[in-house]
Amino acid sequence: MDREIKEKMILVCQGLMKILELAFEGFRKPTEKSFIDAEEVKDKIHHYSSELTSFIISKSPSSEKGREWAKPYLSIASSLDRMTYNIEGILDRLKAKSQNRIFFSDQAVKEVNDVFQEAMRLLGNLPDLITTQNKLLAQRMGEEGRSMFKIANGYSEGHEERLIQGICVPKSSPIYLGIIETLKGVIVHILEVSGKIVSFSSKS
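Our numbering puts the sequence shown at residues 21 to 224.
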């Protein structure tokens, strides 16, 4: 992988890690400051992401070979952009939760905590993976990410069952399910990036 592109990818990942941490803070203890801080970080991520894409395009020759060279890099940049979109979706739901004074049960809080923490942990591995292209790290991330994805699916199904039984409040249901689904989206895109990064080492 190109060294300068790796550095720019890591900047985007670090921004994503920061905004996901702020989203988690906004879930545990929502404050106006946490959402303002998240907006500021979001703007930085968009800037870094735009720089990354522009830099990849500027480095690729206009020939067919140049376009082929740029494709895998642009594919990673696209996955990082989709991750940003998912995290923005989490923040939107957390703002709605706070503004409408919607509360979750202890069970729902625990489940969202679980998925948040795993998403943050997996995302925290991406800078190391970009630097090293370590296949064993990517394999472990894949296994752990897929495991959490199944657990999160189970959480959603369990929530729907509790909703039918009248244990969960209907008002909180769309917010809870929306947060779980967008966190799953973050995990999916982390694993996409992981697989694409490792494919570079396979070609070299």
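Using N, Cα and C, we set each Cβ at its ideal position, and we do this for glycine too.
Does DSSP classify Gly7 as helix, strand or coil? Lying before the first or after the last residue shown, residue 7 is absent from the chain, which here runs from 21 to 224.
Length-filtered (3 minimum) beta strand (DSSP E) runs lying within the stretch 88-129: none
Residue range of the unbroken alpha helix (DSSP H) whose run includes Gln34: 23-48
Nearest candidate by alpha-carbon position, reference Phe44, set Lys216, Asp148, Asp101, Glu138: Glu138
Taking Ile195 as the reference, give the member of Glu164, Ala116, Pro92, Thr104 with the closest Cα. Ala116
Do you know offhand how far Tyr93's Cα is from Gly165's? 22 Å
So the alpha helix (DSSP H) Thr51 belongs to, where does it begin and stop? It is not in any alpha helix (DSSP H) - Thr51 carries neither H nor E in the DSSP assignment.
With Glu69 and Thr104 assumed to form a contact (beta carbons below 8 Å), what rounded beta-carbon distance in angstroms separates them? Sequence inspection shows Ser at residue 69; the Glu mentioned does not correspond to that position. About 7 Å separates the two Cβ atoms, so the contact holds.
Pro81, DSSP secondary structure in three states: coil
Nearest to Leu142 by alpha carbon, out of Val61, Lys204, Arg48, Ile76? Lys204
Suppose you measure from the CA of Gln119 to the CA of Asn145; what does that come to, to the nearest Å? 33 Å
Can you grab the Cα-Cα spacing for the pair Leu42 / Phe124, in whole Å? 19 Å
Going by other Cβ atoms of all chains shown within 10 Å of its Cβ, with 16 needed for buried, is Lys170 buried or exposed? exposed
Mind checking whether Ile39 and Arg113 have CB atoms under 8 Å apart? no
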